[in-house]
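Protein chains in written order, with the working numbering: chain G, 23 to 925; chain V, 23 to 925. By construction, the Cβ of each residue, glycine as well, lies at the ideal position given by its N, Cα and C atoms. Worksheet: the structure to be examined is printed underneath.
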């Protein structure tokens, strides 16, 4: 028969730290601590498998588990020398607490003092010699049990307690006597009878099994489900139940309870840190009824509060020693719960403490310096995404508090893109662009869309009233490394009037300043000085010396270690020398995607582009393209110089031609005037180029095949720029949207001919590898054929996701959120690669491609290149490199190292 | 050393019929005939491999082949007892002819009388004792050689010959004497010198090698390339070259030449049939300078022309005996070339004769009756597509000729959809719909688009001025079994004026009749009586008894045989009882795709649909859906009855909701009025539902997940209709556009709940299998997961092609034709399944699906289900059924049998 129950403490530790999946974090660590000889009240754990069985068997605890729990209880009685439900001597009381594989703080339920009833409370009163303690414990038990197991609201009990205190003229719970509590208990029981229609259960066994069931039920409360979704915890894991003999922090003034962190969870600083209360149970510390007191003297300085260190020096010394031992044992910062019963210290829980991103980085690095971790372990522990905190601009914290004190705090939205930004409000992208020249601007919109991109580039930060962490604004801003606060729904934006109303204030666009912190989601009226992060000041702006920045030192160490362990190369997606330089400073090993179309949108160029589009024959197109040639050549030259010595993968023109034409009457009229043609001509061409599904239309290499002169111009620009730049230029030519090998064969003939022509003209011998994007499912499926022609593959996982799922990124907003909400999809596949489906295409393409060309270089240049989980997948899939936006480069580097270390 | 040259005739037959790939059709059959003892002038064949080598080696005949050809020539001289280039005795003369693996009539080049020059012609004159023959042969040789090898135009020679005849006062070539020809030869040689800058080559060996090279070159002339593309002949095959000793049909009146078919190539009737000329060479028969004469007495009756049977009875008897023998030997109708030299018969070529589709069917069936073929062989020989000829409506041939005689012939377009149609001209789909009630209509358009569908349904036939065999009009018309003539570019259509101008006539829409034959492409002014095909009269209309139709007998035999051999089931795509009945009469084994959305477009229903779309909450939608329920139920009941006893796969709603809303102001205004809401409300909803890429948007099961009440209504209608219909109803419920298994899991819970509700209400136990379309690439890639939930798969290869290629069917017109033209793709993948890429997805899905559910039923319901090559692929891929439009059902049945027989 399967083992459903594991005991801990009292020299029978059936579990241990390695059994986390079965016993949950709390259960396995209790057993581990007990094994180390640390004082832990004994108890037993019902496994997470029992939770699964509970749901599988129609919400019933299986008989086998019930029987084993009874056996364990009998053992526990023997171990403690007490009887559960004893009405004559000191009764054994229990705590029943949840404990999942991973910590879900506050998400699930706990019942303390279980086993009390109208008779055992009297036995407890006698045996403890402390009536107040006994009745205080009973009222606590009734409240918790009624809430957790019987589903009654706290409020009724709280109101009753308030009423009682008023009647007694007492303010503090601690002021109530045993008799007072006795009356409260009677009133509480009456509430239970009224609200639940039944008397409060008096049978301790019924109480125990009710509490166990309630913990299993708590796995599926709405808040627990939401928490799991947010933290990507599978529903199948389930929770364990820990049944533990009670020790009491509320038995008198030589008792107490508290929580402590072995290091500062906010900053990561190495200092013991925590709070406690004398004569209290755990809930009092967090409930806020009494003010918790500092643990250490250092903490206590200036507060006037007595520290544990001062009040109970020996207990404190033992706590500190135990905490230090636990940290060394678990080799991570610990979050500890403890109780002192009549001066004796008990540990009730230890776990790796939650921490801020910054603290996570600092702790990991310190633990290496302290010899507790090696750099591999430290790298594996880091949250790769948290590196973005090191790169984002920051507000001076004191200035921020000043503004808050001045009443300038407006609202809090989602912290969608880390970093601080301040600027004059702009309500449209055009306005943002126009004003940016004369000073910093914050773009404030209900939501953003692709046509706002230029405005987003121009703005210091983006603030939206609607949309979540994966909204357009959030995704694009993070990609740009721009601060972004999303879904600040308190904002009321009136585009017509040009005003924003929030928190009773009205702010005027073009006049008033607004400041936003994308790391916290806070928004303030007024102007907060923001500054580049120290890392940026050192690496990008050069305004700070490396030795002047501790943050930069952290960053540099992580990058150095990562570089040592990662297998994947990390390149960047960059279309300008500016972006290329930033990415290079952050460690990019080249450009994986240089989009040439962005160069076409520039004001002076778009006219030539449009002239080309209007041309009715090859000759006309060539004439217009000749105007673009010198500009493209200059673009490439700049990028080759910024990336000197490193490879630069240039993608030939990809978007459909209609994207370069104006859609509105005004724009079309203007275009007609500039080009000296009739508006009718412009309109006709726009109509002609209109597509029902532009995503699946005349774009990518399809354009290159119908209008080879476009690609010829681009390849000529590449060749000429590379020849001008000399040996430092390493261009790679990438053909987009190939689905059939013959597309590539046909185009290569054209491109090589153009290169040959340049070489003849210049008497040179320029060559460049020609490769292809793999972004059409058919390309992945026929990759063995395509690899024969392609020098390299670069996965375009954005399009591969769009086509593989049949999801238009522009339209999926109408159902994707619902899909993620209903768990039909685990994630938005545009955020994190769908490894099961789209990943299968990647694997097929890599295997087939390398079967035909064993030395095929394979990379990925979609947005997934900066997503740590996707990076891990690409590592496992055997890719050579990932390419991501400049500000994601460090994250990808760390993620690549983590992936290599996990392998 | 590889063998490059194979001899035939004169008892050294190195080849044979089995070596077609190496020797080409002509070469292998010459050897085969010679082996049978049939008189064939000896010669030799340079293999098709030499052609490949020729191109591989930069258009040079490899030295090895040259050497072997020289050896073979030496053998040929010995065999004939003549010398090539002999200037003293009778010289050996040669013919040099192409011969590919498959016949490409008239596509490549031939040179006769090779070896003549200014001296050998004199030797020939002396040795033959027939100066006129010698000089006639020489002038023929100069003309052909100049054209084929030197690339000079025929026209100059023809003009010179005309001039000469005028000067001599002679009209017929036969009237020219030896001296006349001598002068013509001199003039011809002068033309060659002038045009090519060099004298006519006098060296016979130079002539021979030039001719061989020219034949290899002719493989890549534009017309040969086009022909291959049209007939799907791979470029790699290459052509062989046949060098054969000349026999002469132009040596006198006991000589002649001709061609014959062993059966009538037009009707398939079993009668010997052909044409010949006395004292002529082969080219004369086809050149039309002299009127060819009938071979048989039967043919000659009433023509006043002398038949070969009458003129040369013994040669005729030998020819007939040989032809009969060849037909029995090759077990197929033969197309023969022969020459009589001084009364002796020689066979120059035999091949399986080209024939019309109808003749193909009849000959195959007759050969079975004659014991030459068994039914398997007969089935394999048939062109499955040709069955459509048996189903298409027809004109009375005599009535057609009467109209032609009356000058009513207008133009000829592409025969895009077989069948005859006549009706009043309608220039818009709306007009066609409106007029169809009062009489037959032909829809005449520049081209058609999806919104014309209703008009196409209403019209008898579709005639377009633009577009090819795979244009929208052609594809849709064939799917409907409608006659269609496409690309009739002579038509000038003025929509505004409502007139069509063609061949100097002006026809008025709404008044004038037009008649079109989709089997021939002919278009006539006026009204030709068209009638349903005999097969339709028997099977669908019931107006003809089976025994009254020979065509039906043919059809029924083919269907009966096919049913015996095929493995695939063939279902139909049908949305109405009418279509279901037709398909069933044609042998459909059920419905593989019943699209429910078509039922929503009906005038009285669209209002309820729009009401549902405008509803802002579930309740409002349910109210509108309640109105649709009885109508859908009635639709399904009718279909279940038409398909009594057979499975009916019903696809739940698929298109995006915006397809049901009017796009223009007028329609939106009307809708607002009908629904009693403001136009603004309608407009807002239209704008809200607008999608950038509707193909990849909110449709299919995504709709079912966001609006489960829609699918619930449909499933309720299915369940209620099935219960009303009783045991004969076998519905299968199909969920469209599934990409992730959880979509199906989620929806199944909803659908089963609705079915359960119906069962509770009616106290019944209705069940139906629930399966899914596989039309999203991700579904194919994760088919093992999906198969756990799906009772069956049905491939939607249209969408799978769109997403797999990233081609929007609506937009690919801007590049797909160019792709096919440039051979980047072999075919339009929407016409014939792309087996390499999309087929790979099919194979992956079948393998993965069956790995999870070994008894998974798998079908396909895209348009490829009616394409014979695709059907063969689906057979090989192990599918259970294909489903296609009703008029393609017989074709799919035959194709399925052919696929099984090919396995």
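(message) Any beta carbon of chain G sitting closer than 8 Å to that of residue 798/V?
(response) Here residue 798/V refers to the residue found at position 776 of the second chain. Interface residue, yes.
(message) Quick check on residue 644/V - is its C-beta less than 8 Å from some C-beta in chain G?
(response) Start at 1 with the first residue of the second chain, and residue 644/V comes out as number 622. Output row for residue 644/V: interface = no.
(message) Just to confirm the assignment: which complete alpha helix (DSSP H) runs, minimum length 4, are found wholly within the segment 54-124 of chain V?
(response) Taken in chain order, the unbroken stretches of alpha helix (DSSP H) that lie wholly in the segment 54-124 of chain V and span 4 residues or more are 70-78, 85-102.
(message) Taking beta-carbon pairs under 8 Å, can you tell me which members of the segment 819-837 of chain G lie near chain V?
(response) Hits within the stretch, in order: 821, 824, 825, 826, 827, 828, 829, 830, 832, 833, 834, 836, 837.
(request) Examine chain G for any beta-carbon lying closer than 8 Å to the beta-carbon of residue 251/V, and answer yes or no. (result) Here residue 251/V refers to the residue found at position 229 of the second chain. With its beta carbon at least 8 Å from every one in chain G, residue 251/V lies outside the interface.
(message) Could you compute how far the alpha carbon of residue 158/G sits from the alpha carbon of residue 535/G?
(response) The count along the first chain starts at 1 and reaches residue 158/G at position 136. The count along the first chain starts at 1 and reaches residue 535/G at position 513. Whole-angstrom Cα-Cα distance: 55 Å.
(message) Relative to the C-alpha of residue 444/G, which candidate in 552/G, 197/G, 222/G has its C-alpha closest?
(response) As a working note, residue 444/G is residue 422 in the first chain. With respect to the C-alpha of residue 444/G, the residue from 552/G, 197/G, 222/G having the closest C-alpha is 552/G.
(request) Report yes or no: do the segment 399-407 of chain V and the segment 516-536 of chain V share at least 3 C-beta pairs separated by less than 8 Å? (result) With the cut-off at 8 Å, the segment 399-407 of chain V and the segment 516-536 of chain V do not touch.
(message) Is there a Cβ of chain G sitting closer than 8 Å to that of residue 716/V, yes or no?
(response) Residue numbering aside, residue 716/V sits at position 694 when the second chain is read from its first letter. It does: the Cβ of residue 716/V has a partner Cβ on chain G nearer than 8 Å.
(message) Can you pull the chain G neighbours of residue 475/V, defined as C-beta to C-beta under 9 Å?
(response) Position 453 of the second chain, counted from the start, is the residue given in the question as residue 475/V. Near residue 475/V there are no residues of chain G at all, since even the closest Cβ is about 16 Å away, more than 9 Å.
(request) Decide if residue 298/V is buried, meaning its Cβ has at least 16 other Cβ atoms within 10 Å, or exposed. (result) The residue labelled residue 298/V in the question sits at position 276 within the second chain. Counting every other CB atom within 10 Å of its CB across the protein chains shown gives residue 298/V a total of 16 or more, marking it as buried.
(message) For a contact defined as C-beta to C-beta under 8 Å, what are the partners of residue 719/G on chain V?
(response) Within the first chain, residue 719/G is the residue found at index 697, counting from 1. What residue 719/G touches in chain V: 830, 833, 834, 836.
(message) Taking a contact to mean a Cβ-Cβ separation below 8 Å, would you say residue 768/V touches residue 515/G in this structure?
(response) Walking along the second chain from the start, residue 768/V turns up at place 746. Walking along the first chain from the start, residue 515/G turns up at place 493. No, the Cβ-Cβ distance between residue 768/V and residue 515/G is not below 8 Å.
(message) Does any residue of chain V have a CB that is nearer than 8 Å to the CB of residue 259/G?
(response) For the purposes of this step, residue 259/G is identified with residue 237 of the first chain, where counting begins at 1. Residue-level contact check: residue 259/G does not touch chain V, since none of the beta carbons of chain V fall below 8 Å from its beta carbon.
(request) For the segment 759-781 of chain G, enumerate the residues whose C-beta is nearer than 7 Å to any C-beta of chain V, in chain order. (result) Among the residues of the segment 759-781 of chain G, those with a Cβ less than 7 Å away from any Cβ of chain V are 759, 761, 762, 764, 765, 768, in the order of the chain.
(message) Please tell me whether residue 724/V has its Cβ less than 8 Å away from any Cβ of chain G.
(response) By 1-based counting over the second chain, the position of residue 724/V is 702. Output row for residue 724/V: interface = yes.
(request) Going by DSSP, name the residue or residues bridged to residue 315/V. (result) Sequence index remark: in the second chain, residue 315/V carries index 293 (1-based). Residue pairing by DSSP places residue 315/V opposite 298/V in a beta bridge.
(message) Beta-carbon within less than 6 Å of residue 841/G's beta-carbon, same chain only, minus the 5 sequence neighbours each way: which residues are those?
(response) Counting from one through the first chain, the residue named residue 841/G turns up at place 819. The answer, listed in chain order, is 847.
(message) Applying the 10 Å Cβ sphere with the 16-neighbour rule, what's the burial state of residue 176/V?
(response) Stepping through the second chain from its first residue, residue 176/V is reached at position 154. Exposed, because fewer than 16 other Cβ atoms sit within 10 Å of the Cβ of residue 176/V.
(request) Starting from the N-terminal side, write out each stretch of the alpha helix (DSSP H) that is 4 residues or longer and does not extend beyond the segment 211-249 of chain G. (result) DSSP runs (the alpha helix (DSSP H)) wholly in the segment 211-249 of chain G: 226-240.
(message) At a threshold of 7 Å, does residue 157/G count as lining the ligand COA (C-beta to nearest heavy atom)?
(response) Here there are no bound small molecules, and the ligand COA is not part of this structure.
(message) On the criterion of 16 or more Cβ atoms from any shown chain inside 10 Å, does residue 764/V qualify as buried, or is it exposed?
(response) Taking the first residue of the second chain as 1, we reach residue 764/V at position 742. Classification for residue 764/V: buried.
(request) Under 8 Å between beta-carbons, which chain G residues line up against residue 847/V? List them in chain order, please. (result) For the purposes of this step, residue 847/V is taken as residue 825 along the second chain, with counting starting at 1. Under the 8 Å cutoff, chain G gives 762, 764.
(message) Only counting the same chain, and skipping five residues up and downstream in sequence, which positions put a Cβ closer than 6 Å to that of residue 796/V?
(response) By one-based count along the second chain, residue 796/V stands at place 774. In its chain, beyond the 5 residues on either side, 802, 815, 817, 867 have a beta carbon closer than 6 Å to the beta carbon of residue 796/V.
(request) Assign residue 85/G to one of two classes, buried (16 or more other C-beta atoms within 10 Å of its C-beta) or exposed (fewer than that). (result) The residue labelled residue 85/G in the question sits at position 63 within the first chain. Exposed, since its Cβ has fewer than 16 Cβ neighbours within 10 Å.
(message) Under DSSP, the alpha helix (DSSP H) around residue 165/V begins and ends at which residues?
(response) As a first step, residue 165/V is located in the second chain; it is residue number 143 there, counting from the start. Start and end: 153-170.
(request) Closer than 8 Å, Cβ to Cβ, to anything on chain G: give me those residues from the segment 630-656 of chain V, in chain order. (result) The segment 630-656 of chain V vs chain G, Cβ under 8 Å: nothing.
(request) Please decide whether residue 859/G counts as near chain V, where near means a Cβ-Cβ distance under 8 Å. (result) In the first chain, residue 859/G corresponds to position 837, counting from 1. Output row for residue 859/G: interface = yes.
(message) For residue 863/G, would you say it is in contact with chain V, using Cβ-to-Cβ distances shorter than 8 Å as the test?
(response) Working through the first chain from its first residue, we reach residue 863/G at position 841. Yes, residue 863/G counts as interfacial toward chain V.
(request) Tell me whether the beta-carbon of residue 918/V lies closer than 8 Å to the beta-carbon of residue 529/V. (result) If you number the second chain from 1, residue 918/V lands on position 896. If you number the second chain from 1, residue 529/V lands on position 507. Contact: no.
(request) Within its chain, find whatever has a CB closer than 7 Å to the CB of residue 379/V; leave out the 5 residues flanking it on each side and keep chain order. (result) Here residue 379/V is taken as the residue at index 357 of the second chain, counted from 1. 405, 408, 411, listed in sequence order.
(message) Mapping the DSSP letters down to three states, classify residue 685/V as helix, strand or coil.
(response) In the second chain, residue 685/V corresponds to position 663, counting from 1. Residue 685/V: coil per DSSP, three-state reduction.
(message) Checking 8 Å against the spacing of the C-beta atoms, do residue 437/G and residue 555/G come in under that value?
(response) Counted from its first residue, the first chain places residue 437/G at position 415. Counted from its first residue, the first chain places residue 555/G at position 533. No, these two residues do not count as a Cβ contact at 8 Å.
(message) I need the straight-line Cα distance from residue 747/V to residue 856/V, nearest angstrom please.
(response) To locate residue 747/V, count along the second chain from 1; it is residue 725. To locate residue 856/V, count along the second chain from 1; it is residue 834. For the pair residue 747/V and residue 856/V, the Cα-to-Cα distance works out to about 40 Å.
(request) Could you give the DSSP three-state label for residue 193/V: helix, strand or coil? (result) Taking the second chain and counting its residues from 1, one reaches residue 193/V at position 171. In this structure, residue 193/V counts as coil in the three-state DSSP scheme.
(request) Could you list which residues in chain G have their beta carbon closer than 7 Å to that of residue 840/V, in chain order? (result) Within the second chain, numbered from 1, the residue matching residue 840/V stands at position 818. Within chain G, the residues whose beta carbon sits less than 7 Å from that of residue 840/V are 727, 728, listed in sequence order.
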